[in-house]
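Peer 1: Numbering (full-length UniProt numbering), first residue to last: 1 to 486. We treat Cβ as the ideally placed atom computed from N, Cα and C, and that holds for glycine. Have a look at this one before I ask anything.
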Amino acid sequence: MKPIVAIIGRPNVGKSTLFNRITRSRTALVDNMPGVTRDRHYGEALWNDAPFLVVDTGGYLIDDEDAFAGAIRDQVTQAVAEADAVVMVLDGKGGISPYDRDLVTILRESHPKVFYVVNKIDGERQEENLYDFYSLGIEHPYPVSGEHGYGVPDFLDDLVASFPEAAAYPKEDDEIINVAVVGRPNAGKSSLINRLTGQQRLVVSDVAGTTRDAVDTMMKRDGQLYRFIDTAGIRRKGKVKDKLEKFSVLKAIKSMDRCDVALILIDSSEGVTDQDVTVAGYAHDKGCGVIFVFNKWDLVPAGEKSPKLFKERLDMGAKFLSFAPFTTISALTGQRVEKIFSQIRGVYDQYNTRVSTGDVNRIIEWATERTPPPLHKGKRLKFFYNTQVAVKPPTFVSFVNYPDAVHFSYRRFLMNQVREFTELDQTPIKHIFREKTGRMEFGPKPEENTNTRNKGHKDKESRNKVQKKKERQKQKVKKLKRDGQQ
């Protein structure tokens, strides 16, 4: 719906750095090593009140020994084909490369609107480096520094001025379900997203660690918008030694901060491992909905294809996520992949459910009468008030006379009662216990004054002032009742 701007160029010219500068984020992984970016990475940007999408791409090489060079070229070609404008990034320090000449020739033949940006120009004194790039037939090269921001505002002014009228790009107000696909390396995360979206959106390889960045993919199905977040494989900490992989794993874990539902992908051919349980623990700590997806089901021997047995093994290690649904699929053949959409929607609907205060109080009251809480120092625990305070996930608060004395087993009992009577059986739930104080927890009564109370005032003059103020408050309340306004 918004203009799309594709950033392309040969490896290590600073495309991801410029992407982060334009989107005002740090979502694109940046490193001095060439070839860090492999997939198309989308981000939202705003300049001069003009919203647009920016696409970061991998380094484009015509001939290269890198096993991923062909797949990266396909991704770049697709990005250029869907873009309203293309930004070709050149290296102001490294000068012109033969690959630059080839890419300029290709762009002249394939896209009508191309902006040429000479990166790594940190000031006016370095603008003399632009002269060499005129030999490429470029009329207006833009000197910029993606790292420091030099020249970027002038370039963006011309870029957004080339967009059609803003009315042609209406804002998207639909609700988006954010789904992170996480798991161990080579579990088939990118293959699954490609299968779900119906396009070769992500680079896929048998080589573990192909995906390095957290890549967003938008799609619409049955009127519902989905954002699938592909992530790098999460290995055990002891095996992660490379700096780039450490950053990739951190971004994979951080991606669960912004997801509603996490698809925990498990390689069925290898069974449930301790690392699968660890990854599930990350999702549980983030408080997002979880669906276990046993991928590569076509590789499981016929005599061992027992979904129930796989689930039992999983429950033994991840009892804290016993409520999470699961499915068996094959991203390669497409077996039962379509079923994932209905499961995502089911988990999300529960994840975003709000229960009325009256229902919450009735459930807790019935549960405490049926199974009274244990005594605390000879005194009975009393539940005064219960309510839901948040969604995503559903979060409930109970006001108790001794909140710290509620045993974890009784907490679990109450949570199970809430799950049973509200049918929230596939989403995480938070239950918080707080001490009931002498005042209302959700705001003062009309006749109360929250700033000054009798308590704490020792001198007679202060008490008189408080009393007079209370009388004035009472008079106001009486007047409002008479006027029919309360």
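1. Could you tell me whether the region 117-124 touches the region 39-59, using the rule of 3 or more Cβ pairs below 8 Å?
2. Taking the alpha-carbon positions, what's the V87 to I264 distance?
3. Taking just the CA atoms, how far does V360 sit from I432?
4. In whole angstroms, what separates the C-alpha of P143 from that of D216?
5. Using DSSP's beta-bridge definition, name the partner residues of R362.
6. Return the chain-ordered list of same chain residues with a C-beta closer than 8 Å to the C-beta of H376, the five sequence neighbours on each side being excluded.
7. Kindly indicate which three-state DSSP category V418 falls into: helix, strand or coil?
8. Leaving out the 5 sequence neighbours to the left and right, which residues in its chain are closer than 6 Å to F421 when beta-carbon positions are compared?
9. What would DSSP say about A50, mapped onto helix, strand or coil?
10. List the whole-angstrom C-beta distance separating R227 from I291, where the pair is believed to meet the contact cut-off of C-beta under 8 Å.
11. Quick check on R10: buried or exposed, where buried means 16 or more other Cβ atoms within 10 Å of its Cβ?
12. Let me know if G198 comes out buried or exposed under the rule of 16 or more other beta-carbons within 10 Å of its beta-carbon.
13. Taking the Cβ atom as the reference point for each residue, do G289 and Y348 lie within a distance shorter than 8 Å?
14. Might you give, ordered along the chain, the residues of its own chain that have their beta carbon closer than 8 Å to the beta carbon of K458, omitting 5 neighbours on each side?
15. Using a threshold of 8 Å, state whether the C-beta atoms of R354 and V400 are closer than that.
16. Might you give, ordered along the chain, the residues of its own chain that have their beta carbon closer than 6 Å to the beta carbon of V204, omitting 5 neighbours on each side?
17. What would DSSP say about K254, mapped onto helix, strand or coil?
18. By DSSP's criteria, V261 is part of a beta bridge. Which residues make up the other side?
19. For A85, report the span of its alpha helix (DSSP H) as first-last.
20. Can you give, in chain order, each stretch of the beta strand (DSSP E) that sits fully within the region 88-173 and has at least 3 residues?
21. How close, in whole Å, do the beta carbons of G233 and N186 come, if the pair is a contact with beta carbons under 8 Å?
22. Would a C-beta distance cut-off of 8 Å place L424 and A367 closer than the cut-off?
23. Within 10 Å of its beta-carbon, does S330 have 16 or more other beta-carbons around it, so buried, or fewer, so exposed?
24. Which class does N186 belong to by DSSP, given the choice of helix, strand or coil?
25. If the criterion is Cβ atoms closer than 8 Å, does the pair F323 and Q388 meet it?
26. Determine whether the beta carbon atoms of T231 and V182 lie at a separation below 8 Å.
27. Helix, strand or coil for P335, going by three-state DSSP, please let me know.
28. Are there 16 or more other CB atoms within 10 angstroms of the CB of D56, so buried, or fewer, so exposed?
29. Measuring straight from C-alpha to C-alpha, what distance separates A283 and I253?
30. Quick one: Cα of residue 542 to Cα of D285, how far?
31. Name, in chain order, the residues that DSSP records as bridge partners for S306.
32. Going straight from the alpha carbon of T328 to that of F310, what length do you get?
33. How close, in whole Å, do the beta carbons of D298 and Q335 come, if the pair is a contact with beta carbons under 8 Å?
34. Quick one: what's got a C-beta closer than 8 Å to D206's C-beta in the same chain, skipping five residues either side?
35. Per the DSSP calculation, S330 is bridged to which residue(s)?
36. Going by DSSP, which residues form a beta bridge with D216?
Peer 2: Put simply:
1. No contact exists between the region 117-124 and the region 39-59.
2. Counted from its first residue, the sequence shown places residue 87 at position 87. Counted from its first residue, the sequence shown places residue 264 at position 264. Roughly 36 Å between the two C-alpha positions.
3. As a position in the sequence shown, residue 432 is number 432, starting the count at 1. As a position in the sequence shown, residue 360 is number 360, starting the count at 1. Pairing I432 with V360, the inter-Cα distance amounts to about 13 Å.
4. Residue 143 sits at position 143 when you count from the first residue of the sequence shown. Residue 216 sits at position 216 when you count from the first residue of the sequence shown. Each residue's Cα considered, the two are about 29 Å apart.
5. Along the sequence shown, one-based indexing puts residue 362 at 362. R362 pairs with nothing; no bridge assigned.
6. By 1-based counting over the sequence shown, the position of residue 376 is 376. Cβ neighbours of H376 beyond the five flanking positions: Y402, A405.
7. As a first step, residue 418 is located in the sequence shown; it is residue number 418 there, counting from the start. Correct three-state label for V418: helix.
8. By 1-based counting over the sequence shown, the position of residue 421 is 421. Excluding residues up to 5 positions away in sequence, I363 lie with their Cβ nearer than 6 Å to the Cβ of F421 in the same chain.
9. The residue given as residue 50 occupies position 50 in the sequence shown. In the structure shown, A50 falls within a strand segment according to DSSP collapsed to helix, strand and coil.
10. Your numbering for residue 227 matches position 227 in the sequence shown. Your numbering for residue 291 matches position 291 in the sequence shown. In fact, because the Cβ distance is near 16 Å, the residues do not count as touching under 8 Å.
11. For the purposes of this step, residue 10 is identified with residue 10 of the sequence shown, where counting begins at 1. R10 is buried by the Cβ-count criterion.
12. Translated into the one-based positions of the sequence shown, residue 198 becomes position 198. With fewer than 16 Cβ atoms within 10 Å of its Cβ, G198 is classed as exposed.
13. Along the sequence shown, read from residue 1 onward, the residue named residue 289 stands at position 289. Along the sequence shown, read from residue 1 onward, the residue named residue 348 stands at position 348. Their beta carbons are under 8 Å apart, which means G289 touches Y348 by this criterion.
14. Numbered from 1 along the sequence shown, position 458 holds the residue referred to as residue 458. With a pLDDT of only 46 at K458, under 50, the local geometry of the prediction cannot be trusted, and no value is derived from it.
15. Translated into the one-based positions of the sequence shown, residue 354 becomes position 354. Translated into the one-based positions of the sequence shown, residue 400 becomes position 400. Not a contact, by the Cβ cut-off of 8 Å.
16. For the purposes of this step, residue 204 is taken as the residue at position 204 of the sequence shown. Here V204 scores only 44 on pLDDT, less than 50, and its place in the model is too uncertain to base an answer on.
17. In the sequence shown, residue 254 corresponds to position 254, counting from 1. Looking at K254 - three-state DSSP - the assignment turns out to be helix.
18. Counting from 1 along the sequence shown, the entry for residue 261 is found at position 261. BP columns for V261 point to V179, G289.
19. Locating residue 85 in the sequence shown gives position 85, where the first residue counts as 1. Unbroken run through A85 is the beta strand (DSSP E), 85-91; no alpha helix (DSSP H).
20. 114-119
21. On the sequence shown, residue 233 is found 233 positions in, with the first residue counted as 1. On the sequence shown, residue 186 is found 186 positions in, with the first residue counted as 1. The Cβ separation is near 6 Å, so the contact holds.
22. Here residue 424 refers to the residue found at position 424 when the sequence shown is read from its first residue. Here residue 367 refers to the residue found at position 367 when the sequence shown is read from its first residue. No; because the gap between Cβ atoms is not below 8 Å, this pair is not in contact.
23. Walking along the sequence shown from the start, residue 330 turns up at place 330. Buried: at least 16 other Cβ atoms inside 10 Å.
24. What you label residue 186 is simply residue 186 of the sequence shown in a count that begins at 1. Coil at N186, not helix or strand.
25. Here residue 323 is taken as the residue at index 323 of the sequence shown, counted from 1. Here residue 388 is taken as the residue at index 388 of the sequence shown, counted from 1. No, they are not a contact pair.
26. As a first step, residue 231 must be located in the sequence shown, where it is residue number 231. As a first step, residue 182 must be located in the sequence shown, where it is residue number 182. Yes, these two residues count as a Cβ contact at 8 Å.
27. Start at 1 with the first residue of the sequence shown, and residue 335 comes out as number 335. Going by the sequence as given, residue 335 is Gln instead of Pro. Correct three-state label for Q335: strand.
28. By one-based count along the sequence shown, residue 56 stands at place 56. D56 should be labelled buried.
29. By 1-based counting over the sequence shown, the position of residue 283 is 283. By 1-based counting over the sequence shown, the position of residue 253 is 253. Going from the Cα of A283 to the Cα of I253 covers about 8 Å.
30. The displayed coordinates of the chain run from 1 to 486. Any statement about residue 542 would go beyond what the structure contains.
31. In the sequence shown, counting from the first residue as 1, residue 306 sits at position 306. The partner list for S306 (beta bridge, DSSP) is empty, contrary to what the question assumes.
32. Residue 328 sits at position 328 when you count from the first residue of the sequence shown. Residue 310 sits at position 310 when you count from the first residue of the sequence shown. Rounded to whole angstroms, T328 to F310 spans 10 Å at the Cα level.
33. Within the sequence shown, numbered from 1, the residue matching residue 298 stands at position 298. Within the sequence shown, numbered from 1, the residue matching residue 335 stands at position 335. The pair is a contact, with the Cβ atoms about 6 Å apart (cut-off 8 Å).
34. By 1-based counting over the sequence shown, the position of residue 206 is 206. Because D206 sits at a pLDDT of 46, beneath the cut-off of 50, its placement in the model cannot be relied upon, and the following sentence gives the value as read from the coordinates. These residues qualify, in order along the chain: N186.
35. Counting from one through the sequence shown, the residue named residue 330 turns up at place 330. S330 is bridged by DSSP to Q335.
36. The residue given as residue 216 occupies position 216 in the sequence shown. According to DSSP, which records beta bridges pairwise, D216 is partnered with I229.
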